[in-house]
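Below is one structure, written out as structure tokens; comments come after it.
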Amino acid sequence: MNLKGVKKMSKTVVRKNESLDDALRRFKRAVTKAGTLQETRKREFYEKPSVKRKRKSEAARKRKKF
1 MNLKGVKKMS KTVVRKNESL DDALRRFKRA VTKAGTLQET RKREFYEKPS
51 VKRKRKSEAA RKRKKF
């Protein structure tokens, strides 16, 4: 089985005497830090290899500009 690029899901356990809002805030922070939402949005639709190469090239060009 090929697991290249597979990340574990973020997990948050509600602590004793912790409000649900605090636990939700910790979960959201963990998801943002792991980049889960960005990865999901990026993979929502199939991207042809040629388009992927072009996007990477444009990003490199922008980075080089600065």
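Residue numbers (full-length UniProt numbering): 1 to 66.
Glycine included, each C-beta is placed from N, C-alpha and C at the ideal position.
Just so it is clear, the structure is predicted and the values come from calculations on it, not from any experiment.
Opening and closing residue of the alpha helix (DSSP H) in which Arg-15 lies: DSSP places Arg-15 in no alpha helix (DSSP H); its state is neither H nor E.
Looking at the structure shown, is Glu-44 part of a helix, part of a strand, or coil, going by DSSP? In the three-state DSSP reduction, Glu-44 falls in the coil class, being neither helix nor strand.
Looking at Ala-34: is its Cβ nearer than 9 Å to the Cβ of Thr-12? For Ala-34 and Thr-12, no; Cβs fall outside 9 Å.
Report, in whole angstroms, the separation of the C-beta atoms of Thr-36 and Ser-19, which I expect to be a contact under 8 Å. Incorrect: roughly 23 Å between the Cβ atoms, too far for contact.
Can Glu-47 and Arg-41 be called in contact, C-beta distance under 9 Å? In this structure, Arg-41 does not lie closer than 9 Å to Glu-47 by Cβ.
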